[in-house]
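Just so you know, the sequences run in chain order A and B. Numbering follows the numbering used here, with no gaps: position 94 of the first sequence is 94. Numbering follows the numbering used here, with no gaps: position 212 of the second sequence is 1212.
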Amino acid sequence: MSATTTSVPDREARRDNRRDFVAKNFGVISISVVFVVLFAYFSLASDAFLTTTNLVNVLRQVAPTVIVAVGMTFVITTGQIDLSVGSIVGLSAAALGLFAESGNPVVALLGTLAIALAIGLASGMITAFGKVQSFIVTLAALTAVRGVALLITDGYSTPITSDFLLPLGQGSLAGIYTPTWLAVIAVVTGWYVFNHTRFGRYVTAVGSNDESLRRAGVDIRRIQVAVLGLTGVLAGLAGVITAARLGSGSSNSGTAFELEVITAVVLGGTSLMGGRGSILGSAIGALTLGVINNGLVLSKVDVYWVPITQGLILIVAIFLNSKLFGRIVGTRA
Amino acid sequence: MTGGLDGGTAHAVPRVEMQGITKSYGALKVLRGVDLRVGRGEVVGLVGDNGAGKSTLMKMLAGAVVPDRGRILVDGEELTGTGPRAARAHGIEMVYQDLALCNDVDVAGNLFLGREPYHRFTRKLDHARMHREAAEDLAKLHIRISDTRQLVGNMSGGQRQAIAIARAVAFEPRVLVLDEPTAALAAREVEMTLQLIRDVSERGVSVILITHRLQDLFEVADRFVVLHEGVNHRELDPADTDLTGLVTAMMGK
């Protein structure tokens, strides 16, 4: 651009570029390292871990977490949070069972997803237009939606026998289960939307400086509604997959699922303060949690250690997220 | 009442004309019938003590505050509608003191925020075009930023200020309002920003400058408009006055 450019700014620019590369990818890089280390450890610690059957199973187990983590990355990047996804999984699983029992399975599927979407959009509108923090709105939804799920089923599970619905959880293609394929589609689509569309750019901008985006003439409330609608419908899909895999719609599905999803997203380097997120990081974060759960069980550790470990990982992840991560990519201004 | 000092406005319709602007917040009369004229490509330093009403006046121009009474004309055309969008439609851009940049978005992304080009079918952002045009826009204003892929959050105050101004200029405004553009900048960066203001005004853009750094005004302003307690107090020509004279005028004497 300028004819008088000297070598000093060039060197500065290269250093800035390196720093920006690390800043943009630090989360993905660090979680990848953790993933590889844990994977190697469990491969050595248990004979059953590094087998095709087990790994294909792990990929199926983590699919709902991966799918919802994609949506949650959008929400957290805007600086919001969605605590209601676990309850939406429960309601969707229950609703799918009840709908399928009494009618057309296609309608049951679409109806279930529509309900999940509606709950997400409602939370989004209360957050955006009612100016209530999403933390509070979705905390309320967490309780209320689970209550509805229990109410409509009386707490019982409903068996699902539909040949249309069961493959969503149990079917497979090329040796990989359907839920895993759905998760792959969610990650690829999510990555594309997040990094290469206006919507994705505005999600980052809302979390970074919403006033800036508002002054640029963008209606930020629509972004807030959209991201919570997204987690809603993806949680609905996760509920459908869970119910189809078990062959039964249970209102107790997805208990504490929100914590697992948020842990995965935070592990993946998405900032809880908003403005910085990584879809790929969230996917690897979810895989890491899946490998830990599976590896602990296979290592014959007492099963009660699994939630304890998860809680500890969440603390460490949040600590690293806010302290270490913030320092390495810390901004000057 | 106003004008006369500036030859450029005498024969033409002024770029901006604010007439008889009043604004009260409850019992407090912030503006009591203020007039302001700015010519094409003119740099006006709007000065006054704290509470003189200069920020309120500029927020009205930018559509953020609605006057109780009075008219605002841009190139003889009355400003209709309210809000920042209406102001932008009339060619008014304001760069706020807090910069309003997204730290986590790169330089090109900030310059194109809200008007990103994208492919019609795939919805894919045209990253290549944004970076190319951003580099061109910056070069036109002699802003030296080596890579438009850098995150704004990692840049210096002066660079960020330059990007904020470049972003406003990219909308091809007729009037650019700058609120404290040189506050909290290092000496070299102040000089950079002042040169940028000269470059912008040479492109025919009128600039209204609010700053507490009065010495900056003597470097770039064609005219000073002094407000005092919500009224026009005085208009001064930088050539005929000095810092002491300006300060005296600001105190209402």
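Cβ coordinates follow ideal geometry from the N, Cα and C atoms, glycine included.
Going by the beta-carbon positions, is the gap between residue i and residue j smaller than 7 angstroms?
i, j, result
"A:LEU298", "A:ALA40", "no"
"B:VAL1047", "B:VAL1038", "no"
"A:ILE67", "A:ALA216", "no"
"B:THR1022", "B:ASP1068", "yes"
"B:ARG1174", "B:LEU1101", "no"
"A:LEU165", "A:PRO105", "yes"
"A:LYS263", "A:LEU296", "Inspection of the sequence shows that residue 263 of chain A is occupied by Thr rather than by Lys. No."
"B:ASP1104", "A:GLY275", "yes"
"A:GLY130", "A:SER251", "no"
"B:VAL1225", "B:GLU1235", "yes"
"A:ALA243", "A:GLY249", "yes"
"B:GLY1076", "B:VAL1177", "no"
"A:ILE223", "A:ARG214", "no"
"B:PRO1117", "B:ARG1129", "yes"
"B:ASP1137", "B:ALA1168", "no"
"B:MET1018", "B:ALA1062", "no"
"B:ALA1086", "B:ALA1108", "no"
"B:LEU1194", "B:VAL1220", "yes"
"B:MET1192", "B:GLY1158", "yes"
"A:ALA69", "A:PRO179", "no"
"A:SER134", "A:ALA116", "no"
"A:LEU98", "A:THR161", "no"
Distance cutoff 7 angstroms, beta carbons only. Does residue i sit that close to anything in chain B?
i, result
"A:SER212", "yes"
"A:VAL218", "yes"
"A:ALA205", "yes"
"A:ASN25", "no"
"A:ARG146", "no"
"A:ARG222", "no"
"A:ARG60", "no"
Quick check on residue i: does DSSP put it in helix, strand or coil?
i, result
"A:SER46", "coil"
"B:LEU1073", "strand"
"A:HIS196", "helix"
"B:THR1022", "strand"
"A:TYR41", "helix"
"B:PRO1067", "coil"
"A:MET72", "helix"
"A:PRO159", "strand"
"B:ARG1088", "helix"
"A:VAL297", "helix"
"B:SER1206", "strand"
"A:ASN252", "coil"
"A:MET273", "coil"
"B:MET1060", "helix"
"A:ASN104", "coil"
"A:ILE176", "strand"
"B:HIS1233", "strand"
"B:PHE1121", "coil"
At a Cβ threshold of 7 angstroms, is residue i touching chain A?
i, result
"B:VAL1105", "yes"
"B:ARG1085", "yes"
"B:GLU1191", "no"
"B:LEU1243", "no"
"B:GLY1063", "no"
"B:LEU1111", "no"
"B:GLU1093", "no"
"B:TYR1118", "yes"
"B:GLY1020", "no"
"B:GLY1081", "no"
"B:GLY1158", "no"
"B:GLY1026", "no"
"B:GLY1039", "no"
"B:GLY1070", "no"
"B:GLY1114", "yes"
Which bits of chain C does residue i rub up against, with CB to CB less than 7 angstroms?
i, result
"A:SER208", "Note that chain C does not occur in the displayed structure, where the protein chains are A and B."
Any 3 or more C-beta pairs closer than 8 angstroms across the segment 231 to 238 of chain A and the segment 84 to 102 of chain A: As far as the Cβ criterion goes, the segment 231 to 238 of chain A touches the segment 84 to 102 of chain A, which means the pair count is three or higher.
Residues within the segment 1121 to 1138 of chain B neighbouring chain A, beta-carbon criterion of under 9 angstroms: Under the 9 angstroms Cβ criterion, the segment 1121 to 1138 of chain B contributes THR1122, ARG1123, LYS1124, LEU1125, HIS1127, ALA1135, GLU1136, LEU1138.
Stretch-stretch touch, CB-based, cutoff 8 angstroms, three pairs: the segment 107 to 115 of chain A with the segment 138 to 148 of chain A: For the pair of segments examined, the segment 107 to 115 of chain A was found not to touch the segment 138 to 148 of chain A: the number of CB pairs separated by less than 8 angstroms stays below three.
Inter-stretch contact at 8 angstroms, needing at least 3 Cβ pairs: the segment 72 to 79 of chain A / the segment 293 to 309 of chain A: no
Near-chain B residues of the segment 175 to 198 of chain A - C-beta to any C-beta below 7 angstroms: HIS196, THR197, ARG198
Residues of the segment 270 to 287 of chain A with Cβ closer than 8 angstroms to any Cβ of chain B, in chain order: Residues are counted here when their Cβ sits less than 8 angstroms from a Cβ of chain B; for the segment 270 to 287 of chain A these are GLY275, ARG276, given in chain order.
Selection of the segment 242 to 256 of chain A by Cβ proximity to chain B, strictly under 7 angstroms: none
Inter-stretch contact (C-beta, 8 angstroms, three-pair minimum) for the segment 1174 to 1189 of chain B and the segment 1145 to 1153 of chain B: no
Three or more C-beta pairs below 8 angstroms linking the segment 206 to 214 of chain A and the segment 278 to 291 of chain A: no
Meets three-Cβ-pair contact criterion under 8 angstroms: the segment 149 to 158 of chain A and the segment 111 to 127 of chain A: no
At least three beta-carbon pairs within less than 8 angstroms, the segment 1047 to 1056 of chain B to the segment 1224 to 1234 of chain B: Below 8 angstroms, enough C-beta pairs join the segment 1047 to 1056 of chain B and the segment 1224 to 1234 of chain B to call them touching: three or more.
The segment 29 to 43 of chain A in contact with the segment 286 to 296 of chain A per 3-pair CB rule at 8 angstroms: Contact holds: three or more Cβ-Cβ distances are below 8 angstroms.
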